[in-house]
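Written below as structure tokens is the structure these notes are about.
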Amino acid sequence: MTDPFVLITAGALGLILGSFLNVCIVRLPEEESVLTPRSKCPRCGRMVVWYDNIPVLSWLVLRAQCRGCGTRISVQYPAVELAVSAMFVAAVWRYGLSVTALSAAIFGFTLLGIAVTDARHFLIPDEYTWGGLGLGLVLSLAGGLSGFTMALVGAGTGFGLLYLVAWAGEKAFKQEAMGGGDIKMMAMVGSFVGWTGVLLTLFGGALLGVLIFIPLTLGKEKRLVPFGVFLAGAAAITFVYGPAIIDWYIRTLVAA
Ligand SMILES: [Zn+2]
Numbered sequence: 715m716t717d718p719f720v721l722i723t724a725g726a727l728g729l730i731l732g733s734f735l736n737v738c739i740v741r742l743p744e745e746e747s748v749l750t751p752r753s754k755c756p757r758c759g760r761m762v763v764w765y766d767n768i769p770v771l772s773w774l775v776l777r778a779q780c781r782g783c784g785t786r787i788s789v790q791y792p793a794v795e796l797a798v799s800a801m802f803v804a805a806v807w808r809y810g811l812s813v814t815a816l817s818a819a820i821f822g823f824t825l826l827g828i829a830v831t832d833a834r835h836f837l838i839p840d841e842y843t844w845g846g847l848g849l850g851l852v853l854s855l856a857g858g859l860s861g862f863t864m865a866l867v868g869a870g871t872g873f874g875l876l877y878l879v880a881w882a883g884e885k886a887f888k889q890e891a892m893g894g895g896d897i898k899m900m901a902m903v904g905s906f907v908g909w910t911g912v913l914l915t916l917f918g919g920a921l922l923g924v925l926i927f928i929p930l931t932l933g934k935e936k937r938l939v940p941f942g943v944f945l946a947g948a949a950a951i952t953f954v955y956g957p958a959i960i961d962w963y964i965r966t967l968v969a970a
């Protein structure tokens with residue numbers, strides 16, 4: 715049982731970092747700094763003062779409107795803050811105060827940033843992929859040389875497999891079938907979940923894509939597929955349940 719104080723701290727930290735992720739989501743696709751300047755209203759230019767910048771609460775108090783001009787503030791802001799907070803709480807709830815919990819929190823944070831950005835802009839900034847890959851490799855060192863090797867092989871598998879898929883897709887459809895962002899993303903994912911996790915993520919991502927995206931776009935004109943959204947969902951599931959799923963799969967194979 716995790717100490718309630720730890721859970722509350724994780725939740726509060728999640729709200730603050732969720733607020734930072736909102737800044738990343740807005741600014742990284744524009745290649746702007748996420749550190750300066752302070753946020754301001756896109757319409758009237760009013761600086762967001764600290765008491766209007768408190769995660770979730772300010773959005774509620776302001777009733778989703780800019781204090782200066784009344785322009786609507788997207789529900790995406792509190793939603794991202796709550797989601798990061800919930801992930802952080804879930805991470806320490808499930809894994810206790812451990813490196814695994816830290817990995818889970820960082821992985822979830824990165825995947826959420828990727829999913830929202832890919833859904834909005836159909837691109838995945840390098841800060842999430844290369845940055846996440848670097849963090850994944852560093853965190854894997856907690857598992858010693860074997861942990862690091864697993865992460866490195868995972869990253870190589872993710873990158874290599876997606877590169878092959880992208881190459882084959884381009885040959886088959888005579889156009890770019892998969893963005894470079896997806897390739898780098900799977901290298902990052904591999905550093906957290908290993909090569910078996912990469913396979914599971916690709917399988918799950920394709921499945922989610924077919925189940926969700928195709929019904930949504932049926933009958934519409936050909937549209938870009940934000941594949942990163944589905945990969946992110948599958949990667950999160952793989953991080954938590956992947957070992958159990960792979961165990962079950964191997965036992966079923968052995969039993970057959
Ligand atoms: Zn305004």
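Quick note on the working numbering: the sequence shown kicks off at 715 and runs consecutively.
Note that the Cβ used here is the ideal one computed from N, Cα and C, for glycine as well.
Start-to-end residues for the alpha helix (DSSP H) that takes in residue i
| i | result |
| --- | --- |
| Pro839 | Segment: none, Pro839 is in no alpha helix (DSSP H) and carries neither H nor E. |
| Lys888 | Segment: none, Lys888 is in no alpha helix (DSSP H) and carries neither H nor E. |
| Phe713 | A question about residue 713 goes unanswered here, because the residues of the chain that appear run from 715 up to 970. |
| Asn736 | 718–741 |
| Val750 | Val is not the amino acid found at residue 750; the sequence shown has Thr there. Counting along the chain, Thr750 falls outside any alpha helix (DSSP H), and DSSP gives it neither H nor E. |
| Met902 | 894–922 |
| Ser788 | Here Ser788 belongs to no alpha helix (DSSP H), and DSSP marks it neither H nor E. |
| Val775 | 771–775 |
| Ile928 | 928–931 |
Contacts around residue i, its chain only, beta-carbon distance under 6 Å, and the 5 residues preceding and following it disregarded
| i | result |
| --- | --- |
| Ala805 | Ala815, Ala818, Ala819 |
| Leu851 | Ala865, Ser905 |
| Leu776 | none |
| Leu855 | Phe862 |
| Leu731 | Val798 |
Closest by C-alpha distance to residue i, when choosing among the options
| i | options | result |
| --- | --- | --- |
| Ala948 | Val907, Val968, Val939 | Val907 |
| Phe734 | Ile768, Thr716, Gly846 | Ile768 |
| Arg757 | Pro751, Thr750, Arg781, Leu776 | Arg781 |
| Gln790 | Gly784, Phe821, Tyr765, Val830 | Val830 |
| Gly728 | Phe917, Pro792, Glu746, Pro957 | Pro792 |
| Leu721 | Lys885, Ala800, Leu859 | Ala800 |
Residues of its chain near residue i, where Cβ-Cβ distance is below 7 Å and the 5 sequence neighbours each way are ignored
| i | result |
| --- | --- |
| Ile1032 | Here the chain covers residues 715 to 970 and nothing more, so residue 1032 does not appear. |
| Asp766 | Ser772, Leu776, Arg781 |
Between the CA atoms of residue j and residue i - distance to the nearest angstrom
| i | j | result |
| --- | --- | --- |
| Ala920 | Ser753 | 37 Å |
| Leu825 | Tyr955 | 16 Å |
| Val813 | Gly861 | 12 Å |
| Glu871 | Gly893 | Before going on, a small fix: residue 871 reads as Thr here, not Glu. Rounded to the nearest angstrom, the two C-alpha atoms are 17 Å apart. |
| Leu974 | Arg834 | Residue 974 lies beyond the stretch modelled for the chain, which goes from 715 to 970, so this question has no answer here. |
| Val740 | Val748 | 9 Å |
| Gln889 | Trp909 | 28 Å |
| Pro718 | Ala969 | 42 Å |
| Val737 | Gly923 | 27 Å |
Beta-carbon proximity list for residue i, same chain, < 8 Å, skipping 5 on both sides
| i | result |
| --- | --- |
| Tyr809 | Ala815, Ala818 |
| Val912 | Gly868, Thr871, Gly872, Leu875, Met900, Val903, Gly904 |
| Glu744 | none |
Residues bridged to residue i (per DSSP)
| i | result |
| --- | --- |
| Met687 | No information on residue 687 is available, as it lies outside the stretch 715 to 970 that the chain covers here. |
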